[in-house]
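Peer 1:
Number of protein chains: 2
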Amino acid sequence: MSVPQRLSILTLGVADLAVSTSFYESLGWRRSGSSMDAITMFQLEGSVLALYQREALAEDAQVPAEGTGFRGVTMALNCADATEVDAVFAEWVAAGAMPQVEPHRAFWGGYSSYVADPDGHLWEIAHNPYSEIGPDGRLILRPPVA
Amino acid sequence: MSVPQRLSILTLGVADLAVSTSFYESLGWRRSGSSMDAITMFQLEGSVLALYQREALAEDAQVPAEGTGFRGVTMALNCADATEVDAVFAEWVAAGAMPQVEPHRAFWGGYSSYVADPDGHLWEIAHNPYSEIGPDGRLILRPPVA
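If you want it as structure tokens, here you go:
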């Protein structure tokens with residue numbers, strides 16, 4: 216067998232589950248009935264975002280919870296065009312996200328911006344003219360190289 | 216409008232792009248033709264995983280690249296049953312992943328394990344008997360609560 220080429224759930228460690236849940240709900244996102252007292256889950260287009268108390272997440276992975284600075288991880292939310300980037304960026308900021316990088320033409324030919332959620336998790340809101348967004352909202356890359 | 220309930224790309228900051236790319240390829244994953252010299256991309260079942268040099272990723276988000284300890288982020292790869300968890304865990308370890316938590320019955324009723332990739336990014340390899348995996352490999356949560 217081989218390893219499924221798959222990311223089932225991305226879990227973000229958060230300081231206050233109620234605050235972070237409210238934040239994502241204020242984007243208009245609706246949490247799944249699979250959520251429980253200790254974990255909030257959102258069915259995304261193609262994957263799942265979960266929010267879980269940061270120390271509990273560290274304990275689950277059996278690593279020390281201490282950590283500072285850049286996490287080496289970013290999430291991207293791709294939009295159909297620059298206009299949608301501007302609008303989605305504004306919605307995140309209106310929901311209380313910190314505007315990290317204002318929407319701008321990026322060196323790679325796209326249109327990009329960054330916001331940070333209440334725990335500092337970084338989301339890039341971007342349009343990439345070289346990648347198609349399918350009817351189900353999924354980003355469609357080019358097929359694997361031969 | 217509302218914000219699409221969407222994660223388009225998860226990007227992991229890595230120390231050595233060639234090493235990390237080889238690692239994920241050794242899982243049997245095939246990189247997309249959308250990859251470039253500076254970024255490796257994998258079309259996942261429902262989303263996209265990207266690998267990008269850590270300092271470059273920090274620069275893109277205009278944050279300092281320094282950071283240590285727990286990142287507050289984990290990825291999950293859900294399997295059909297405990298037997299598949301054991302097999303997939305073994306494949307990651309055979310590919311060079313660090314076994315972080317051996318497969319075990321978890322308190323929440325599932326079967327869970329953790330591995331770390333070459334940069335310490337934590338992947339949970341798990342079976343959750345309460346969540347269905349659809350024919351396209353996506354995890355299907357319960358619908359939103361009313």
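Residue numbers (the working numbering), protein chains in the order written: chain U, 216 to 361; chain E, 216 to 361. Cβ atoms here follow ideal geometry from the backbone N, Cα and C, with glycine treated the same way. Just so we're clear, the structure is a prediction, and the values are computed from it rather than from any experiment.
1. Can you give me the Cβ contacts of residue 306 of chain U inside the same chain, cut-off strictly under 8 Å, excluding the 5 residues immediately before and after it?
2. Are there 16 or more other CB atoms within 10 angstroms of the CB of residue 382 of chain E, so buried, or fewer, so exposed?
3. With residue 239 of chain E as the anchor, note down where its alpha helix (DSSP H) starts and where it stops.
4. Using the beta-carbon count (16 or more within 10 Å), is residue 324 of chain U buried or exposed?
5. Taking Cβ positions, are residue 222 of chain U and residue 356 of chain E nearer each other than 8 Å?
6. By how many angstroms is the C-alpha of residue 315 of chain E removed from the C-alpha of residue 289 of chain E?
7. Excluding the 5 residues flanking residue 250 of chain U on each side, which residues of the same chain have their C-beta closer than 6 Å to its C-beta?
8. Check for me: the beta strand (DSSP E) holding residue 257 of chain E runs from which residue to which?
9. Which chain U residues sit within Cβ distance under 9 Å of residue 315 of chain E?
10. Within 10 angstroms of its Cβ, does residue 339 of chain U collect 16 or more other Cβ (buried), or is it exposed?
11. With a 10 Å radius around its C-beta and 16 neighbouring C-beta atoms as the bar for buried, classify residue 287 of chain U as buried or exposed.
12. Can you name the residues of chain U whose CB is closer than 8 Å to the CB of residue 346 of chain E?
13. Is residue 332 of chain E near the ligand ATP, going by C-beta to nearest heavy atom under 7 Å?
14. Just to check my reading of the structure: residue 277 of chain U and residue 232 of chain U have Cβ atoms closer than 8 Å, yes? What is that Cβ distance to the nearest angstrom?
15. Interface residues of chain U around residue 238 of chain E at Cβ under 8 Å?
16. Classify residue 349 of chain U: buried if its beta carbon has 16 or more other beta carbons within 10 angstroms, exposed otherwise.
17. Based on the DSSP output, what are the partners of residue 267 of chain E in its beta bridges?
Peer 2: Quick look at the numbers:
1. Here the question's residue 306 of chain U lines up with position 91 in the first sequence. These residues qualify, in order along the chain: 242 and 243.
2. The question about residue 382 of chain E has no answer here: the residues shown for chain E are numbered 216 through 361.
3. Here the question's residue 239 of chain E lines up with position 24 in the second sequence. Looking at the DSSP string, the run of the alpha helix (DSSP H) that includes residue 239 of chain E is 232-240.
4. Numbered from 1 along the first sequence, position 109 holds the residue referred to as residue 324 of chain U. By the neighbour-count rule (16 or more Cβ atoms within 10 Å), residue 324 of chain U is not buried but exposed.
5. By 1-based counting over the first sequence, the position of residue 222 of chain U is 7. By 1-based counting over the second sequence, the position of residue 356 of chain E is 141. Result no, Cβ atoms of residue 222 of chain U and residue 356 of chain E do not sit closer than 8 Å.
6. By 1-based counting over the second sequence, the position of residue 289 of chain E is 74. By 1-based counting over the second sequence, the position of residue 315 of chain E is 100. Their backbone Cα atoms lie some 12 Å apart in a straight line.
7. Within the first sequence, numbered from 1, the residue matching residue 250 of chain U stands at position 35. Here the set comprises 256.
8. Counting from 1 along the second sequence, the entry for residue 257 of chain E is found at position 42. Counting along the chain, the beta strand (DSSP E) containing residue 257 of chain E begins and ends at 254-258.
9. Here residue 315 of chain E corresponds to residue number 100 of the second sequence, with the count starting at 1. Simply 276, 277 and 278.
10. Taking the first residue of the first sequence as 1, we reach residue 339 of chain U at position 124. With 16 or more Cβ atoms within 10 Å of its Cβ, residue 339 of chain U is classed as buried.
11. Locating residue 287 of chain U in the first sequence gives position 72, where the first residue counts as 1. Counting every other CB atom within 10 Å of its CB across the protein chains shown gives residue 287 of chain U a total of 16 or more, marking it as buried.
12. In the second sequence, residue 346 of chain E corresponds to position 131, counting from 1. Under the 8 Å cutoff, chain U gives 249.
13. As for the ligand ATP, it is missing from this structure, which has no ligand bound.
14. Counted from its first residue, the first sequence places residue 277 of chain U at position 62. Counted from its first residue, the first sequence places residue 232 of chain U at position 17. About 21 Å separates the two Cβ atoms, so there is no contact after all.
15. Here residue 238 of chain E is taken as the residue at index 23 of the second sequence, counted from 1. Under the 8 Å cutoff, chain U gives no residues; its nearest Cβ is about 11 Å from residue 238 of chain E.
16. Against the first sequence, residue 349 of chain U aligns to sequence position 134. Around the beta carbon of residue 349 of chain U, fewer than 16 other beta carbons sit within 10 angstroms, so the residue counts as exposed.
17. Taking the first residue of the second sequence as 1, we reach residue 267 of chain E at position 52. BP columns for residue 267 of chain E point to E:228 and E:254.
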